Amino acid sequence: MAFCSLPKSTFEQYYDPNAIVDLNGSLECPFAQDTLIQGLDELHRTFTTSGVKGDRLIGIHNNSTVHHYIAAIKHFKEIIATTYSQRCLQHLRKWLKNDPGAHDYSLIFKYACKLEGSSEHWMDCQETLRRKIKYTVEQDVSKSDPLAPHVFPQADCLVTEYCLEMICLEKTAYCNALKNISSLLKIGGYLVMIGVFGCTFHMAGSYKFPTLCIEEEFLKKAISDAGYAIKLLEFKPRIEKSLYSVTDAKGRYFLVACKEREVRE
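Under our numbering, the first residue of the sequence shown carries the number -15, and numbering increases by one thereafter.
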């Protein structure tokens, strides 16, 4: 049975990667405290103190930003970066190649490296990330094999940020997508997920995208039903209080969960 997810054609046409990085891809952007600073702090803490490490990390994202990978550089041998559209994939690859006009993440790298105690080495960190991202592929979380036709060994860690609730338009679709991406993760591996709660829409450029409204009890059950044991789950209220025309999100959550069993649809 098919469940309702945002059509790729709609996302491809209206989801503007430049607008997203302008809004969420700089420490000077309106949502910096909500989406970047808290996230960088949480990811740094997770990868440095929680024992989340291994050979392979897969990122499941709908956009082209790279900040969610910085804290993982020292803890994984390779990274597979995925996005939900060709436009975002091209935007990401432009940064990887250091092409003219690629987005400037220098302030984000400086902040992330400061957390590591080495802010002066941010340029080395940037180049290391470029080398460690071995593959960039398009994903479709609504499919039982989200990275098809590409085939990779199961990962030690999945990192996903503001993705499933943006793509899945109903709760059954969300739960199925969670199980689909979990097929990419080893038993004993970790899911690290950042998302928004109490949100019904978000703007990407001039287009208003519907967003699945996530609440705590639903999220806990979805994670458990997908085969995970929750190790950490934090809900934090929204800090930015003026741009409710951009998104009506009440706040964000940060989750770390360990995969205990395979669950297939």
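Glycine is no exception: its CB is placed at the ideal position from the N, C-alpha and C atoms.
Fair warning: this is a prediction, and the values are worked out from it, not measured in the lab.
Got a sec, what are the start and stop residues for the beta strand (DSSP E) residue i sits in?
i      : result
Glu199 : Premise fails: Glu199 is in no beta strand (DSSP E) and is neither H nor E.
Tyr237 : Gly235 to Lys243
Lys118 : Ile117 to Glu122
Lys170 : Leu169 to Phe181
Leu216 : Tyr212 to Pro221
His87  : Taken as a continuous stretch (DSSP letters only), His87 belongs to no beta strand (DSSP E), as it is neither H nor E.
Specify the secondary structure class of residue i as computed by DSSP and reduced to three states.
i        : result
Leu136   : A small fix is needed here, since residue 136 is Phe in this sequence, not Leu. Phe136 falls in the coil class under three-state DSSP.
Val5     : helix
Thr19    : helix
Cys109   : helix
Leu76    : helix
Lys192   : strand
Leu131   : coil
Glu12    : coil
Ser103   : helix
Glu246   : coil
Cys97    : helix
Met(-15) : With a pLDDT of 38 at Met(-15), under the threshold of 50, the modelled position of this residue cannot be trusted, and the question is left open.
Thr184   : coil
At what residues does the alpha helix (DSSP H) containing residue i begin and finish?
i       : result
Glu149  : Leu148 to Ile151
Glu(-4) : Lys(-8) to Tyr(-2)
Ala157  : Lys155 to Ser166
Tyr228  : Per DSSP, Tyr228 belongs to no alpha helix (DSSP H) and is neither H nor E.
List the whole-angstrom C-beta distance separating residue i from residue j, where the pair is believed to meet the contact cut-off of C-beta under 8 Å.
i        : j       : result
Glu149   : Gly189  : The pair is not a contact, with the Cβ atoms about 19 Å apart (cut-off 8 Å).
Thr195   : Ile44   : That pair is no contact at about 17 Å.
Val176   : Val247  : No, Val176 and Val247 are not in contact; Cβ-Cβ is about 18 Å, not under 8 Å.
Thr66    : Val121  : 5 Å
Gly172   : Lys243  : 7 Å
Leu27    : Leu20   : Not really, about 11 Å apart at Cβ, beyond 8 Å.
Val125   : Asn164  : 6 Å
Phe238   : Glu218  : 5 Å
Ile63    : Tyr53   : 6 Å
Asp18    : Arg222  : 6 Å
Tyr68    : Phe(-5) : 6 Å
Asp39    : Asp140  : 6 Å
Cys(-12) : Glu154  : 5 Å
Mind checking if residue i is an interface residue toward chain D, Cβ cutoff 7 Å exclusive?
i     : result
Lys37 : Absence of chain D from the displayed structure is noted, only one protein chain being present.
Exercise. With a floor of 3 residues, list each beta strand (DSSP E) that falls wholly inside the stretch 37 to 66, ordered by position along the chain.
Key: 38 to 44
Practice problem: For the stretch -3 to 6 and the stretch 155 to 170, state whether three or more C-beta atom pairs, one from each stretch, are separated by less than 8 Å. | Solution: no
Quiz item: Is it true that the stretch 94 to 112 meets the stretch 41 to 48, where meeting means three or more beta-carbon pairs spaced less than 8 Å apart?
Solution: no
Quiz item: Does the stretch 111 to 127 touch the stretch 24 to 32, meaning 3 or more C-beta pairs lie closer than 8 Å?
Solution: no
Exercise. Count the C-beta pairs between the stretch 103 to 114 and the stretch 50 to 60 that are closer than 8 Å, then say yes if the count reaches three, no if not.
Key: yes
Quiz prompt | Inter-stretch contact at 8 Å, needing at least 3 Cβ pairs: the stretch 80 to 95 / the stretch 35 to 43 | solution = no
Practice problem: Would you check if there are 3 or more beta carbon pairs closer than 8 Å linking the stretch 200 to 219 to the stretch 149 to 160? | Solution: yes
Quiz item: Pairing CB atoms from the stretch 208 to 216 with CB atoms from the stretch 73 to 80, are three or more of them under 8 Å?
Solution: no
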